[in-house]
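Everything below concerns the one structure shown next.
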Amino acid sequence: MEPYKNKLLATSTSQAEGVCAESLIDRFSNLPEGVAHHILSFLAQIDLARVSCVSKSCRKFYLSFPSLNFDAMPYANDMWERLKLLNYLDRFLIQRGDNKIQHFRIFWIFLGPASSFSNEYFRVISWIHAAARCNVEVLDLELYMCEATTTLVLPSCLFLCRSLRLLTVDLKFKLFQTPSLTSSTTLQCLKLKNVTIDEGLGQWISCSCKCIKELWLELVHGAKQITISSSSLETLRFVSCYAYYSFQNPSGNFHLNISGERLEDIYIDWKVIPTGHSISIFAPNLKHLKWIGTLASRQYLEKLMCLEKAEIFLHPRSEDFSKLFSVLSSIHSVKLLVLNEETTKALTKERRSLPRIFDNLGHICIQSTCLNDGLVPALASLFRGMRHLNTFHMKYEPIIPLLFTKHVEVITASRFDREYWKSQNLAIIDQLEEVTVELSSGSNELEFARYILEGAKNLKKMVIVYLPHQSTRIEAVNEIEMNSPATIVFKKRPRRPKPSYSP
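Each residue of the sequence shown is one higher than the last, beginning at 591 in the working numbering.
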């Protein structure tokens, strides 16, 4: 009996060892490199280091991982931990050698005494050198510079790196030193945010960035003039630094001059006091223009012949009609024109003739919080100045209150019924083929929709977008649905979650 028990025990042990061995197979190490890198992309840098200790294959994946994220935020207030992190990152870059870097993000906060800053700054710059050596494609720098220095000087080897496609720099309003004009680069996209610039930036972009296609200048300040002429630029995004121009330099002037034959997309967020400021744009092949904010004291736009979409969301003052007229007159033709409430009211306030663009405009969208009692007469006046309109969209744009605002003023929007619209005798009503109305507060939108359904002879489609609590209001439309030749489509818009407020 004893030999049988020993044999059974040995068999059970061998089976257990087999199961254990099978369960310990390192399947991750056998994955293709691309799949392993994708899995590792969900881990933080410190977790990647732990994975590298599992096996030789894992360490190989770790050292060849193409996306790096050096983030000092978790160690911002602990100098000792920051020093250990610096040492670890230095060793890591040395160990990974010349393995290619696709995306490299450095988010660093420089704190402590001047001696500590000099050491950290030198190391960060050495990482940028390593990125250039490893043929980095995307470099994202977000640096909180301390008072020990106010200038970031990027090494020239970075701009000589032919693999670099995208460079993003955010310095929290410290100075970005313009590279030398001899630093010719194949950079395709440059994004500068919260940086102080000098007068030479525009010249460097014009002369040294021959391959640039996309340029973002967000909240940049320091230069009184930015002049860029590029034969390759396709997209421009410019966001003015309101705080700087309004408070730090209220009497200073700023001039933005942009010229590019390949420019197709321009986004301008201009929130500066218009006194003394000017904008000049030459973009004959522009397809999309979006202008938010205010008008400059002087603006010059070359005739825009190829626009597909123009979004004009301005807040003109009472004396700005001629400036607004000039901007819209520069638009020779456009497939879709989108206006906000303030621009629409300004165009019709003085009862002057509309810019010529409205004569042949076929598609217009008015964006507002609601079709309020102040907007209805302006919209009727706008319709009187249009002859070929066939598509109209009344778009609902809800008010998003600030965190410290607990109440939003309710705007009156129930004064104008169908009889008002009938009294306007709008000839354009017979040209309309497609109308979209997004319901908000009050009844003005619904009355307008019913007027269109009753009077538009050639209407083919009407879309009514409503909130869940407005389902009973659209029953009034059903009363005349049978008498209209148009197709009526009802769409329920999901209710947006209520914003949370701090107590």
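Think of the CB as a built atom: it goes at the ideal place given N, C-alpha and C, for glycine as much as any other residue. Here the structure is a predicted model, which is why all the values come from computation and not from measurement.
- Task: Could you tell me if W698 is buried or exposed, where buried requires 16 or more neighbouring beta carbons within 10 angstroms of its beta carbon?
- Result: W698 is buried by the Cβ-count criterion.
- Item | Other residues of its chain near C960: CB distance less than 8 Å, five sequence neighbours each side excluded | Only Y986, I1001, A1003, S1030, S1031, G1032, N1034, E1035 meet the Cβ criterion.
- What do you reckon, are the CB atoms on L948 and M976 nearer than 9 Å? In the sequence as presented, Leu is not what sits at residue 948; that position holds Phe. Going by C-beta atoms, F948 is nearer than 9 Å to M976.
- Item | Residues that E901 bridges to, as DSSP identifies them | Paired residue(s): K880, V928.
- Find the nearest neighbour of V759 within the set A666, R713, V810, I1042, judged by alpha-carbon distance. It is V810.
- Would you mind stating whether C724 and R755 have Cβ atoms separated by less than 9 Å? Going by C-beta atoms, C724 is not nearer than 9 Å to R755.
- Query: Count the other CB atoms within 10 Å of the CB of R672; is the residue buried (16 or more) or exposed (fewer)?
  - Reply: Taking every protein chain shown into account, the CB of R672 has 16 or more other CB atoms within 10 angstroms, so this residue is buried.
- Residue environment, E1037, which counts as buried when at least 16 other CB atoms sit within 10 Å: Taking a 10 Å sphere around the C-beta of E1037, we find 16 or more other C-beta atoms and assign the residue as buried.
- Query: Which residues in the same chain have their Cβ closer than 7 Å to the Cβ of L761, if we skip the five residues on either side of it in sequence?
  - Reply: For L761, where only same-chain residues beyond five positions count, the Cβ hits under 7 Å are L733, M735, L742, N784, V785.
- Which ranges does the beta strand (DSSP E) cover as unbroken runs of at least 3 residues, wholly within the stretch 1004-1070, from first to last along the chain? Secondary structure in the stretch 1004-1070: the beta strand (DSSP E) runs of 3 residues or longer, each lying completely within the stretch, are 1024-1028, 1051-1056 in chain order.
- Between the C-alpha atoms of I1018 and K913, what's the straight-line distance to the nearest angstrom? Each residue's Cα considered, the two are about 27 Å apart.
- Message: Tell me whether the stretch 921-928 and the stretch 895-911 touch, counting them as touching only if at least three CB pairs, one residue from each stretch, are closer than 8 Å.
- Response: Enough Cβ pairs lie closer than 8 Å, so yes.
- Query: From V928 to S958, what does the alpha carbon distance come to, in whole angstroms?
  - Reply: Whole-angstrom Cα-Cα distance: 11 Å.
- Task: Could you tell me the boundaries of the alpha helix (DSSP H) in which S798 lies?
- Result: First-last of the alpha helix (DSSP H) with S798: 791-798.
- Query: DSSP on L885, reduced to helix/strand/coil?
  - Reply: Note: L885 maps to coil in three-state DSSP.
- Message: For S919 and L676, I'd like the C-alpha separation in whole angstroms.
- Response: So the alpha carbons of these two residues sit roughly 57 Å apart.
- C-alpha gap between E931 and L972, whole angstroms: Put simply, the backbone Cα of E931 is about 12 Å away from that of L972.
- May I ask you to verify whether the stretch 745-752 touches the stretch 763-782, counting CB pairs closer than 8 Å and requiring at least 3? They touch, by the three-pair rule.
- Closest residue to F878 among C896, E1024, Y890 (Cα-Cα distance): Contrary to the premise, residue 878 reads as His rather than Phe in this sequence. Per the Cα distances, C896.
- Can you give the Cα-Cα distance for S820 and E892, rounded to whole angstroms? Rounded to whole angstroms, S820 to E892 spans 16 Å at the Cα level.
- Task: Quickly, what does DSSP pair I869 with across the bridge? List them, please.
- Result: In the DSSP assignment, I869 forms a beta bridge with L846, Q889.
- Query: Name the DSSP beta bridge partners of K762, please?
  - Reply: Note: K762 sits in no beta bridge, so no partner.
- Query: Less than 9 Å separating the beta-carbons of V561 and I691?
  - Reply: The structure shown does not extend to residue 561, since the chain is modelled only from 591 through 1093, so no value can be given for it.
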